[in-house]
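The structure appears right after this line, and notes come after that.
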DNA sequence: ATAAATGCAAAGACTTTGCAGCGGC
DNA sequence: GCCGCTGCAAAGTCTTTGCATTTAT
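Protein chains in written order, with the numbering used here: chain A, 1 to 148; chain B, 1001 to 1148.
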C-alpha cells in the first residue's frame, strides 16, 4: 500500500517534469515530494535543503535553488516573498490563491475569492492595464488556536 | 515663491522628524525631500543615493538605508518588494493604497478600493484572523501610452 | 554518446553593522 | 559637551554562477 502510493506520486512527479522538458533526476523528484508532503506548504530553499540532508540525500543548496527556479519557470511552483528575507515556494496547482499571514505566529492560511478577483480585473481596466496576475497578502493576528 | 515653498517643505520635514524622535539632520531632510519630489514615487535606496550624489550631497549609501529603515519604523515611509531584488520606498500618507505594475515598462500606478478592503476584512474574519494590514500588487500590461 | 544536471566553491546583489569622527541640541 | 548621526569599509544574508564531474536518455 505504502509502496503503491509512493510509486504513484513518483510517477506523477515524473510526468510533471517531462511535461516541463526537464530531465527526471533524483534531486528533482525528491524536491517535488518534499513540496507535496509539507504541511504548511510554504518552504524556503533552506527548508527543503535541510529536509533533504535530514533524509540522507546529499543535494547541494545551489541545486535546490536551481531546481526551484526552473520549477517556477515551468509553472510547477510559485515563489513568494512574505517576510522580506527569504523567498518561500509552494506547489502551483493553478488555482492561484492568496495568503494571510499571522504576524505573531507566522502561520499562513490561504484563500481564494472570486468577488475580489473580479473587482481587481475591473480596477486594472480602469487604470488602463490588462491584468495578468496578482498577489494579495493579508497581515493579521490569528486568534482562537486555543491560545498558544 | 519658490523659496517660501521650499522652506515650508523643510519645516514640514522637520516636524515629521521631531515627531518620530529623530534628530533633524541634513541627510534626513534631503531624503525626505527626494521622496516628496519624486514622480513615480517609488524609489530604491540606490535611486535616492544617486539623486543625492547628483546634487553634490555626499551621503553614504549605508546612511540612506539606515535612514529609510528608521523612517519605515516611524511610519514615514513604506517599503515594498515589487520586483524581487531591490526594495522600493514611498512616503506613507496613511492612505495605504495598493499598486499595479506593468510587466513590460515597470510603470507603477496606485489605487485604493473600499469595496475590496471591506471584503478583505470579511475574509480575514472568516479565516479566524483580525486583519491589521494588507498588500495587493497587480501585474499587468499597460496599454495606450502612445505605444513606447 | 551527448547534452543536461549536479556539487562545490566562488561570486553577486542587496542590505546591515562596527567604529571613529562629525554635528545637532 | 553629549549622544546621536554619518561615512567608510567590512561583514551578512540570500541567491546565482562557473566549472569539472556525474547522470538521464
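Glycine included, C-beta positions come from ideal geometry on N, C-alpha and C.
Query	Result
Cβ-based neighbour list, residue 1014 of chain B, same chain, cut-off 6 Å, excluding 5 preceding and 5 following	1024
Residue 140 of chain A (DSSP reduced to helix, strand or coil)	strand
Contact list for residue 1139 of chain B against chain A, beta-carbon separation under 7 Å	132, 133 and 134
Residue 64 of chain A Cβ short of 7 Å to the ligand SAM heavy atom set	Looking at this structure, you won't find the ligand SAM or any other ligand, since it has none at all.
Sequence ranges, alpha helix (DSSP H) only - wholly within the segment 1022-1101 of chain B, length at least 4	1026-1037, 1045-1054 and 1061-1073
For residue 147 of chain A, three-class secondary structure by DSSP	Confidence in residue 147 of chain A is poor, its pLDDT being 46 and thus under 50, which makes the residue's placement unreliable; the coordinate value appears in the next sentence. In this structure, residue 147 of chain A counts as coil in the three-state DSSP scheme.
Cutoff 8 Å: residue 115 of chain A Cβ touching any chain B Cβ	yes
Candidates B:1090, B:1082, B:1120 and B:1089, of which the one nearest residue 1138 of chain B by Cα	B:1082
Contact under 8 Å by Cβ, residue 86 of chain A with residue 46 of chain A	yes
Element boundaries [beta strand (DSSP E), containing residue 109 of chain A]	108-111
is_contact[residue 1074 of chain B, chain A] using C-beta, thresh 8 Å	no
Near-chain A residues of the segment 1077-1099 of chain B (beta-carbon distance less than 9 Å), N- to C-terminal order	1079, 1081, 1084, 1087 and 1098
Validate contact between the segment 126-145 of chain A and the segment 1122-1142 of chain B using beta carbons, cut 8 Å, 3 pairs	yes
Status (buried if at least 16 other CB within 10 Å, exposed otherwise) for residue 1143 of chain B	exposed
Min CB distance residue 66 of chain A to chain B below 8 Å	no
Proximity of residue 41 of chain A and residue 80 of chain A at Cβ, strictly below 8 Å	no
DSSP beta-bridge partners of residue 135 of chain A	B:1137
Neighbour-count burial assignment, residue 1051 of chain B, 16 or more Cβ in a 10 Å radius	buried
CB contact flag (residue 67 of chain A, residue 31 of chain A, <8 Å)	yes
Cβ separation of residue 97 of chain A and residue 112 of chain A, assumed to be a contact under 8 Å, to the nearest whole Å	4 Å
Beta carbon of residue 64 of chain A nearer than 8 Å to that of residue 48 of chain A	yes
Residues that DSSP places opposite residue 1130 of chain B in a beta bridge	A:141
Euclidean distance between Cα positions of residue 116 of chain A and residue 71 of chain A	28 Å
Cβ-based contacts, 9 Å cut-off: residues of the segment 1024-1055 of chain B near chain A	none
Cβ of residue 1120 of chain B within 8 Å of any chain A Cβ	yes
Cβ of residue 106 of chain A within 8 Å of any chain B Cβ	no
Whether residue 59 of chain A touches residue 104 of chain A by CB criterion (8 Å)	no
Three-state secondary structure (DSSP) of residue 124 of chain A	helix
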